[in-house]
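Asker: To convert, count from 1 in the sequence shown and add 15; that's the numbering used here. Sharing a structure here in structure tokens format.
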Amino acid sequence: MKTTLVTGGAGFIGSHLCDYLLSKNHEVICVDNFFTGQKKNIKHLLSNPNFELIRHDVNFPLYLEVDEIYNLACPASPVHYQRDPVQTVKTSVQGAINMLGLAKRLKIPVLQASTSEVYGDPEVHPQKESYVGHVNCIGPRSCYDEGKRCAETLFMDYHRQNKLDIKIVRIFNTYGPRLAMDDGRVVSNFILQALRSKPITIYGDGSQTRSFCYASDLVEGLYKMMQTPKNFTGPVNLGNPSEFTVKELAEKIIKLTNSKSKIIYKPLPEDDPKQRKPDITLAKDKLKWQPKIKLEDGLLKTIEYFKECL
Ligand code: NAD
Ligand code: UDP
16 MKTTLVTGGA GFIGSHLCDY LLSKNHEVIC VDNFFTGQKK NIKHLLSNPN FELIRHDVNF
76 PLYLEVDEIY NLACPASPVH YQRDPVQTVK TSVQGAINML GLAKRLKIPV LQASTSEVYG
136 DPEVHPQKES YVGHVNCIGP RSCYDEGKRC AETLFMDYHR QNKLDIKIVR IFNTYGPRLA
196 MDDGRVVSNF ILQALRSKPI TIYGDGSQTR SFCYASDLVE GLYKMMQTPK NFTGPVNLGN
256 PSEFTVKELA EKIIKLTNSK SKIIYKPLPE DDPKQRKPDI TLAKDKLKWQ PKIKLEDGLL
316 KTIEYFKECL
């Protein structure tokens, strides 16, 4: 039985990953400081003898004996990563150093949850892994973008310098049940606004695009990446290439919830990327992975979840 460490395991994606790993017969150690994670995401796992929860901040060293690490600890919603930007940089960089150090001591594989934000406001569309990005290093999103870029640098340097078995995935907008009610990202905001008959807040004119991947698809991709041979480091894009404008998303959610909510427009946040869509050729080729869940189907499951929360 493999013992797998998941940092950020009480978060949205992390908790789905813990479920998936347990279903694959792993022993799972979930490390989280609950900055944005929620106990309710993992409550159903606490009685499972193969699951262990440790409250810990990855900015501090961690001494454990495990067989592999998925490093997901980091706030992911712009609202939350900008709440304490210095902490976001520290978690991205110092957290990565600590997990890389642990992996180096144990000589085990470590996977980094990187992000499409490393491409910034992309001038190449769709984004391929070879695109080096268009990132503002001094704006309000930089704590996250540059933190995650530096983490990729560290992962590659530990690989080159210490022959560490590293895996980098660049995750594109992912959604699904267990997004926190106060998460602030677009899918949960719109669904909650629609269910509460409140105005749907589109930032800007809604012509900016995103490509939305359902949580279960993403988690399968993370797992498949970990199974790749030692010399395959990535980075690999993981996301759903079906692209929608934010306005289309709002209209879909209004329709699926049968809501009377009206759309209102608010200012576009600084450096908000105008377009985003993953090129997943590499994931298809190396991981034999591609998303299966269509946006409407994933939205319906997510709407059901939020109805229960309310
Ligand atoms: P999330 O905020 O729900 O989860 C992040 C988890 O990390 C939370 O449980 C939080 O408490 C924990 N955490 C934060 N700082 C920590 C620290 N210092 N020590 C220990 N735990 C800490 O977000 P998510 O959407 O589940 O994202 C998970 C990972 O995937 C993040 O690394 C994020 O950057 C990456 N990612 C997510 C998306 C997406 O669309 N969901 C896109 C790109 C990348
Ligand atoms: N957005 C919006 N209304 C909201 C929340 C977000 O119009 O209530 C927009 C946001 O400006 C961005 C897109 O939706 O263009 C996706 O935002 P999110 O915060 O989900 O993630 P991002 O992809 O920007 O990291």
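Here a beta-carbon is modelled for each residue, glycine too, at the ideal position from N, C-alpha and C.
Using a threshold of 7 Å, is the CB atom of Asn113 nearer than that to any non-hydrogen atom of the ligand NAD?
Answerer: Checking every heavy atom of the ligand NAD against the Cβ of Asn113, none is found closer than 7 Å.
Asker: Would you give the residue range spanned by the alpha helix (DSSP H) that Leu37 belongs to?
Answerer: Run containing Leu37: Phe27 to Ser38, per the alpha helix (DSSP H) assignment.
Asker: From which residue to which residue does the alpha helix (DSSP H) around Ile186 run?
Answerer: Where Ile186 is concerned, there is no enclosing alpha helix (DSSP H), although the beta strand (DSSP E) it sits in stretches over Ile181 to Ile186.
Asker: How far does the alpha helix (DSSP H) with Val201 in it extend, from its first residue to its last?
Answerer: Run containing Val201: Val201 to Leu210, per the alpha helix (DSSP H) assignment.
Asker: Can you round the beta-carbon distance between Ser30 and Ile69 to whole angstroms, since I take them to be within the 8 Å contact cut?
Answerer: 15 Å between Cβ atoms; not a contact.
Asker: Would you call the CB atoms of Asn74 and Gly110 closer than 8 Å?
Answerer: In this structure, Gly110 lies closer than 8 Å to Asn74 by Cβ.
Asker: Drop a sphere of 10 angstroms on the beta-carbon of Pro64, count the other beta-carbons inside from all chains shown, and report buried for 16 or more, exposed for fewer.
Answerer: Exposed, by the Cβ-count rule.
Asker: Can you have a look at Val251 and say buried or exposed, based on whether 16 or more other CB atoms are within 10 angstroms of its CB?
Answerer: Classification of Val251: buried, given that the 10 Å Cβ count is 16 or more.
Asker: For the ligand UDP, any of its heavy atoms closer than 7 Å to the Cβ of Gln305?
Answerer: Checking the Cβ of Gln305 against the ligand UDP gives no.
Asker: Looking at the strands, I want to know which residues DSSP matches up with Phe259.
Answerer: Note: Phe259 sits in a beta bridge opposite Arg225.
Asker: Would you kindly report the start and end of the unbroken alpha helix (DSSP H) that includes Gln176?
Answerer: It spans Ser157 to Asn177 - the alpha helix (DSSP H) in which Gln176 sits, taken as one unbroken run.
Asker: Quick one, which of Met171, Thr19 and Phe50 has its alpha-carbon nearest Ala195's?
Answerer: Comparing Cα positions, the closest option is Phe50.
Asker: By the DSSP assignment, the beta strand (DSSP E) with Gln53 in it spans what residues?
Answerer: Here Gln53 belongs to no beta strand (DSSP E), and DSSP marks it neither H nor E.
Asker: In whole angstroms, what separates the C-alpha of Pro137 from that of Arg291?
Answerer: Looking at the two C-alpha atoms, the distance is approximately 7 Å.
Asker: Hey, could you find the ends of the alpha helix (DSSP H) Lys316 is sitting in?
Answerer: That run of the alpha helix (DSSP H) goes Leu310 to Cys324.
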